[in-house]
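Colleague: Okay, so the sequence shown: first residue is 5 according to this note's numbering, each after it adds one. Glycine included, C-beta positions come from ideal geometry on N, C-alpha and C. Quick caveat: nothing in here was measured; it's all calculated off a predicted structure.
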Amino acid sequence: MKTGRPSTRKRTPFGERLYLLRMAAGLSQGQMAEGLGLTQKSFSWWERRNVALRPDQIEKLLELLNISANELFPGVSKRKPSKKSTD
Numbered sequence: 005m006k007t008g009r010p011s012t013r014k015r016t017p018f019g020e021r022l023y024l025l026r027m028a029a030g031l032s033q034g035q036m037a038e039g040l041g042l043t044q045k046s047f048s049w050w051e052r053r054n055v056a057l058r059p060d061q062i063e064k065l066l067e068l069l070n071i072s073a074n075e076l077f078p079g080v081s082k083r084k085p086s087k088k089s090t091d
């Protein structure tokens, strides 16, 4: 159920991915916000603007959406330690 007025601001790439994952999980912005301890307005910003998420917020997002970090952040992998030459 869509409520409120539609935003005129285009989603960021992360926001678009978050939106699609939320819709696939069948959750509203309000439900996500409640699960994250935010207001609906604050969560809507996550889908529209660049945001810096804390590690605890990322963990909660993964839990609410029942996804892995790779699904939320595709293309980001663990850094491999650089090999230092021992010349």
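Quick one: Cα of residue 34 to Cα of residue 43, how far?
Modeller: Approximately 7 Å between the Cα atoms of the pair.
Colleague: What are the uninterrupted segments assigned as beta strand (DSSP E) that are 3 or more residues long and contained completely in the region 40-82, given in chain order?
Modeller: Whole beta strand (DSSP E) segments, 3+ residues: zero.
Colleague: Quick one: Cα of residue 71 to Cα of residue 27, how far?
Modeller: Between residue 71 and residue 27, the C-alpha separation is close to 13 Å.
Colleague: Looking at residue 75 and residue 25, is the spacing between their C-beta atoms short of 8 Å?
Modeller: Against a cut-off of 8 Å, the Cβ pair of residue 75 and residue 25 comes out as a contact.
Colleague: How is residue 15 classed by DSSP in three states: helix, strand or coil?
Modeller: Correct three-state label for residue 15: coil.
Colleague: Judging by CA-CA distance, which residue of 49, 60, 78 and 38 is the nearest neighbour of residue 12?
Modeller: Of the listed residues, the one whose Cα sits closest to residue 12 is 49.
Colleague: Are the Cβ atoms of residue 18 and residue 36 separated by less than 8 Å?
Modeller: Not closer than 8 Å, so no.
Colleague: To the nearest angstrom, how far is it from the Cα of residue 22 to the Cα of residue 14?
Modeller: Roughly 13 Å separates the two Cα atoms.
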